[in-house]
Every structure is written in C-alpha cells, then in structure tokens.
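Residue numbers (this note's numbering): 43 to 304.
Cβ atoms here follow ideal geometry from the backbone N, Cα and C, with glycine treated the same way.
I have placed the structure first, in the form of structure tokens, so that the comments after it can refer back to it.
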Ligand SMILES: [Fe+2]
Ligand SMILES: [Fe+2]
C-alpha cells in the first residue's frame, strides 16, 4: 500500500527537486498508509468535512492550512493564532477524522497548475519563458474583446479590469499572474512580466495595490479568481496521481471563490 512518503517522492521526482520549505506533511505522519485521498485548493472546513465523509486518510491542499498565511513555518505569529475559530475548526476536523495533511504548493504550480490555467484561457505555447514567467502572443484584439473572452473561458459573469488607457486599446502579449501572483505581496512577478514586454496581464486574484502596480506602468490587468485559476490544475493533478497510484481512491474537492457578485 502506498504511504504519504511515496506520494511526496513521486511529486519530487516529477518536478526534479525536493519539496519547498512551505510544503510537506503539516499534520499527521509521512509514514501513514493511504487508501483514500482528497485533493483541494485549500483545506477549508467544507473540504475537511467532505474528506471525513469520504473516509479519506490524506488531504492534499495547495494553500496554507492555517491563518496567518503559512503559519506552520513562521516565527512572527500573533499570540493565540491557534485558537482563532477558523484554525481551531480545521485542526479539530483533521484530528476528528484522523487526517494527514500535505501541502503541495509551488511544486504543483510547476507540475501542472500554471500550464492548465494557460490552457483554460485557450493560449498556445509561450513565446518566451523564464521558469514560470511565461509570455504568450495572441492575435491583436482590444482589451474589451480579451476581457469578454476571459469571462467566457473562466465561466464568469463579470471580471475586474484595470484599463489605464481604456478598453479599446489593442493588446497582444499576455502574461499570467496566476493564483495570487496579482496580489501586492507578489508584485515582483508582475515586474518580471513587464520587463518581458507583456502588454496585458490575466491574473488569478489581484487587489487594489496589485492592479495599480501594472496600471501605473500603462499595462492593464484582467482578474479571474485565485481558486478558478488553480482548480483546473489541481483537478489534473488527481489524474496524474491516479495514473501513478491506480490503487488509490482520489477525489477532487472543488473549493469555490469565497465571494460573489451581487
Ligand atoms: Fe499556486
Ligand atoms: Fe495560490
């Protein structure tokens, strides 16, 4: 029977490096034998309840298990963070259902999440790539047309768009700050895309500071959502795992955005 360690070894082999410092077993044990796995974008209360119902032994999540971000390996945490309701509930559910939790973050971005977001948007091969800083060329179109296409591809009724020169401006060189790379804490990634000559960005999640960074440089950004930009790759990862470990039952739990339009 496969163990948690076997799954981690497979991911490391697939990406060609050890897990990063924010990844790995963050609850439970690497030596546990595994039969039923739930893969999710974040180990939310709902995801953990579903894992319990499904009789899972292992939850693989892409995002931070607790708040503040990456709490499991930080030293600057506010006092009492473990007692915050969201954290306490998640920890209690993990214990109650005897779940092991593994975070697979950057390794899955590399393995499939980034490329699956590009594929979801209908982009072909990148014309330039420096690691995951990739540039795609599309037939020139207006920002308005591209935003409409993104809405259709992402299945969203609305998207937020920064349009420093209006919606009729032509765009053709696309960069993808997927996941949370459109947020202000990650503007270093936007900077790389600007240096690579992108004239439009399609983000997972952005924020006011993040939108402003590229907009003030004259480059518009279209936002989809953090979850929506990463769920396709996480679903794909389930297939990758099934192929390597056919004996496992693997379920994808789709975490939807935590907000909506009204
Ligand atoms: Fe990610
Ligand atoms: Fe993310």
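Checklist entry - Shortest alpha-carbon distance to residue 70 belongs to which of 194, 99 and 193? => result In this structure, 99 is the residue among 194, 99 and 193 with its C-alpha nearest to the C-alpha of residue 70.
Checklist entry - Touch check for the stretch 215–230 and the stretch 279–289: three-plus C-beta pairs under 8 Å? => result no
Next on the checklist: Is residue 105 a contact residue of ligand 2, with contact defined as CB to any heavy atom under 8 Å?
Outcome noted: yes
Checklist entry - Is residue 296 near ligand 2, judged by its Cβ being under 8 Å from some heavy atom? => result Outside the cutoff, so no.
Next on the checklist: Output needed for residue 298: all residues of its chain with C-beta closer than 8 Å, excluding positions within five of it in sequence on either side, in chain order.
Outcome noted: Cβ within range, chain order: 269.
Item to check | Nearest-angstrom Cα separation, counted from residue 175 out to residue 165 | outcome: Residue 165 and residue 175 have their C-alpha atoms spaced approximately 14 Å apart.
Checklist entry - Among the residues of its own chain, which have a CB less than 6 Å from the CB of residue 43, if the five just before and after it don't count? => result Same-chain partners within the cutoff: 75.
Checklist entry - Over what stretch of residues does the beta strand (DSSP E) that includes residue 215 continue unbroken? => result 212–217
Item to check | For residue 218 and residue 159, believed in contact at Cβ under 8 Å, the rounded distance | outcome: 6 Å
Checklist entry - Is the stretch 203–211 touching the stretch 134–151 in the sense that three or more CB pairs, one from each, lie closer than 8 Å? => result no
Checklist entry - CB-CB under 8 Å to residue 267, same chain, minus the five flanking residues each way: which ones, in chain order? => result 196, 198, 246, 247 and 299
Checklist entry - Based on Cα-Cα distance, which residue from 86, 115 and 154 lies nearest to residue 130? => result 86
Checklist entry - If we count the other Cβ atoms within 10 Å of its Cβ and call it buried at 16 or more, is residue 83 buried or exposed? => result buried
Checklist entry - Using CA coordinates, which residue listed in 72, 66 and 68 is at the minimum distance from residue 45? => result 72
Next on the checklist: Checking 9 Å against the spacing of the C-beta atoms, do residue 215 and residue 242 come in under that value?
Outcome noted: yes
Checklist entry - Can residue 272 be considered in contact with ligand 1, in the sense that its beta carbon sits closer than 8 Å to one or more heavy atoms? => result yes
Checklist entry - Any chance the CB of residue 222 is under 8 Å from a heavy atom of ligand 2? => result If you check the C-beta of residue 222 against ligand 2, you find a heavy atom less than 8 Å away.
Checklist entry - Can you give the beta carbon distance from residue 201 to residue 239, rounded, assuming they're within the 8 Å contact cut? => result By a beta-carbon distance limit of 8 Å, residue 201 does not contact residue 239. Their separation comes to about 23 Å.
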